[in-house]
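Q:
There are 2 protein chains.
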Amino acid sequence: MKESFSTSEVAVYCHVTADTIRKWAEAGRIRVFKTPGGHRRIRREDLLTFLRDNSIPIHSDLKDEGVKILVVESERSVVTGLRRFLEQARVPFVVETASDGFDAGHKMAMFQPDVVFIDLQLPEVDGLELCRRIKEKADYSATQIIAMSPAGDNDFAMRALSAGATANLPKPFTPDDLRRTLAHVGVEVG
Amino acid sequence: MKESFSTSEVAVYCHVTADTIRKWAEAGRIRVFKTPGGHRRIRREDLLTFLRDNSIPIHSDLKDEGVKILVVESERSVVTGLRRFLEQARVPFVVETASDGFDAGHKMAMFQPDVVFIDLQLPEVDGLELCRRIKEKADYSATQIIAMSPAGDNDFAMRALSAGATANLPKPFTPDDLRRTLAHVGVEVG
DNA sequence: GCACGTCACTCGTAATGACGGGGTCCGGGG
DNA sequence: CCCCGGACCCCGTCATTACGAGTGACGTGC
Numbered sequence: 004m005k006e007s008f009s010t011s012e013v014a015v016y017c018h019v020t021a022d023t024i025r026k027w028a029e030a031g032r033i034r035v036f037k038t039p040g041g042h043r044r045i046r047r048e049d050l051l052t053f054l055r056d057n058s059i060p061i062h063s064d065l066k067d068e069g070v071k072i073l074v075v076e077s078e079r080s081v082v083t084g085l086r087r088f089l090e091q092a093r094v095p096f097v098v099e100t101a102s103d104g105f106d107a108g109h110k111m112a113m114f115q116p117d118v119v120f121i122d123l124q125l126p127e128v129d130g131l132e133l134c135r136r137i138k139e140k141a142d143y144s145a146t147q148i149i150a151m152s153p154a155g156d157n158d159f160a161m162r163a164l165s166a167g168a169t170a171n172l173p174k175p176f177t178p179d180d181l182r183r184t185l186a187h188v189g190v191e192v193g
Numbered sequence: 004m005k006e007s008f009s010t011s012e013v014a015v016y017c018h019v020t021a022d023t024i025r026k027w028a029e030a031g032r033i034r035v036f037k038t039p040g041g042h043r044r045i046r047r048e049d050l051l052t053f054l055r056d057n058s059i060p061i062h063s064d065l066k067d068e069g070v071k072i073l074v075v076e077s078e079r080s081v082v083t084g085l086r087r088f089l090e091q092a093r094v095p096f097v098v099e100t101a102s103d104g105f106d107a108g109h110k111m112a113m114f115q116p117d118v119v120f121i122d123l124q125l126p127e128v129d130g131l132e133l134c135r136r137i138k139e140k141a142d143y144s145a146t147q148i149i150a151m152s153p154a155g156d157n158d159f160a161m162r163a164l165s166a167g168a169t170a171n172l173p174k175p176f177t178p179d180d181l182r183r184t185l186a187h188v189g190v191e192v193g
């Protein structure tokens, strides 16, 4: 998630040109700071304040409700466990679920998750193929995939990693396994 | 694609002067926001809502470049045939393809097609299930589904219709079949 | 370290918008 | 008939925004 923006990025959010943003900045209408080289940067927080002050609609890209996690799974157990864990850890998060390929694709596009949990043993869907499909889209190069394979099946786990998964989480798992795996994909907990 | 408009641009779409738009905005009839400099901006979405609420005809500039068609298929033949047909008929259109459930879901969300062709004999995906999944989402209530079943299999065709397809197109088909089927889902050709 | 994309800055100029005041047209009610 | 209000349009002035060209510098990824 971006923490600061250049003038031309802000321009889009404000529905004006970059030139105008520059003038606003010079007039002190919007809070900016400059890089040592003189380029303007606007912090997300300042941009949000500015947009709110001027009642300019806020694009969903700018909102931040926490880590967005998509769970591709058929059972509910993983989801409830994950929810409980994150709630306890006081990490802001949003969890969505998908149970088949269609749903997974749809939610990927609509929800734009930061992390995707994929059960490799789904009845209808090939989990490995799913990893590949996600990773082959450039838009999701930053998306972290956590593959869930049955404990003990190392071969399966390896294949998941080579299919694009960042980490592997054997099932069943303990809260500590979860903590470690999330840390591995950049979600620090506790 | 423009995401917001000025009063004078909106004025053209509403067939009045910019001044009138200004008054409408002041009276709260149309949703606007202002730049810090006081210039009004109307979001495309708000404009469309406004036009619909007042049954003002929507200019094609505001919609996109024509009929949006998604083809869920494994072979290329249907797509090329469809393309050629629409080009010849001089209908503005955009065709996208998907070859599996994930892709289909992803394209549905990103592309928001008006019409979806679904091959019922896909190797990996259950076409009927796909129809159901699309139709169960309220966002796609206006989306027209054309199921493609092997010619002669009436039972299959019937099941497709009850799964949410608007029309059935037996394979193989003639240009005239295509014309009729498209007309049935509201795309008039020739 | 190099190259490419982006940004800053300064001009100037053109376009467009806001605003207030004043019209015009039309239909309804006294 | 006449007055009134609503809806729309027109005008002049001033402010805001856009755009273009030219130059040089910055930042980022490889």
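First to last, the sequence lines map onto chains Y and W. The opening residue of the first sequence carries number 4 in the numbering used here; numbering runs sequentially from there. The opening residue of the second sequence carries number 4 in the numbering used here; numbering runs sequentially from there. Every residue gets a Cβ at the ideal spot worked out from N, C-alpha and C, and that includes glycine.
1. In chain order, which continuous runs of the alpha helix (DSSP H) of length 4 or greater are located wholly inside the region 11–91 of chain Y?
2. Taking CB distances under 9 Å as the criterion, tell me whether Y/N266 reaches chain W.
3. Classify W/M161: buried if its beta carbon has 16 or more other beta carbons within 10 angstroms, exposed otherwise.
4. Do the CB positions of W/L123 and W/A150 come within less than 9 Å of each other?
5. With a threshold of 9 Å between beta carbons, is Y/G104 in contact with chain W?
6. Does the region 110–122 of chain W come close enough to the region 109–128 of chain Y to have 3 or more Cβ pairs within less than 8 Å?
7. List the residues of chain Y that W/P39 touches, going by C-beta distances under 7 Å, in chain order.
8. Could you tell me if Y/P251 is buried or exposed, where buried requires 16 or more neighbouring beta carbons within 10 angstroms of its beta carbon?
9. By the criterion of Cβ-Cβ separation under 8 Å, what are the contact partners of Y/R17 in chain W?
10. Using Cβ-Cβ distances below 7 Å, what residues of the region 95–122 of chain Y are close to chain W?
11. Any beta carbon from chain W within less than 9 Å of Y/V82's own beta carbon?
12. Would a check of beta-carbon distances place W/K140 closer than 9 Å to chain Y?
13. What residues of chain W sit near Y/L133, judged by a beta carbon separation below 8 Å?
14. Report all residues from its chain with a CB closer than 7 Å to the CB of W/Y178; omit the five preceding and five following residues, and keep chain order.
15. From which residue to which residue does the alpha helix (DSSP H) around Y/P153 run?
16. For W/I61, is the classification buried or exposed, using 16 other Cβ atoms within 10 angstroms of its Cβ as the cut-off for buried?
17. Would you please state the rounded distance, in angstroms, between the beta carbons of W/V74 and W/T100? I believe it to be under 8 Å.
18. Less than 6 Å between C-beta atoms, sequence neighbours within five positions excluded: which residues of the same chain meet that for Y/V82?
19. Hey, would you say W/R43 sits closer than 9 Å to W/A28, going by beta carbons?
20. Do W/L164 and W/F120 come within 9 Å of each other at the CB atom, strictly closer than that value?
21. Let's see if you can read the secondary structure: which residues bound the alpha helix (DSSP H) around Y/A163?
22. Would you tell me roughly how many angstroms separate the C-alpha atoms of W/R34 and W/L50, rounded to the nearest one?
23. Can you tell me whether DSSP reads Y/D129 as helix, strand or coil?
24. Could you give the residue range of the alpha helix (DSSP H) that holds W/F96?
25. Here's the rule I'm using: 16 or more other beta-carbon atoms within 10 Å means buried, otherwise exposed. How should Y/Q147 be labelled?
26. Around the Cβ of W/S80, are there at least 16 other Cβ atoms within 10 angstroms (buried) or fewer (exposed)?
27. Would you tell me roughly how many angstroms separate the C-alpha atoms of W/R135 and W/L125, rounded to the nearest one?
28. Would Y/V70 pass as an interface residue toward chain W - the criterion being a Cβ-Cβ separation below 9 Å?
A: Let me spell this out:
1. 21–29, 47–56 and 80–91
2. Any answer about residue 266 of chain Y is impossible in this case: the structure gives chain Y only from 4 up to 193.
3. exposed
4. yes
5. yes
6. yes
7. W27, R32 and N57
8. As displayed, chain Y neither begins before 4 nor continues past 193, which places residue 251 of chain Y out of reach and without an answer.
9. Strictly speaking, residue 17 of chain Y in this sequence is Cys, with Arg absent from that position. Neighbours of Y/C17 on chain W, chain order: T38.
10. D103, G104, F105, D106, A107, G108, H109, M111, A112 and M113
11. no
12. yes
13. F105
14. The displayed chain sequence assigns Pro, not Tyr, to residue 178 of chain W. For W/P178, where only same-chain residues beyond five positions count, the Cβ hits under 7 Å are F88.
15. Element bounds for Y/P153: not the alpha helix (DSSP H) but the beta strand (DSSP E), Q147 to P153.
16. exposed
17. 5 Å
18. V74 and T100
19. yes
20. no
21. N157 to S165
22. 8 Å
23. coil
24. Per DSSP, W/F96 belongs to no alpha helix (DSSP H); it is in the beta strand (DSSP E), F96 to A101.
25. buried
26. exposed
27. 15 Å
28. no
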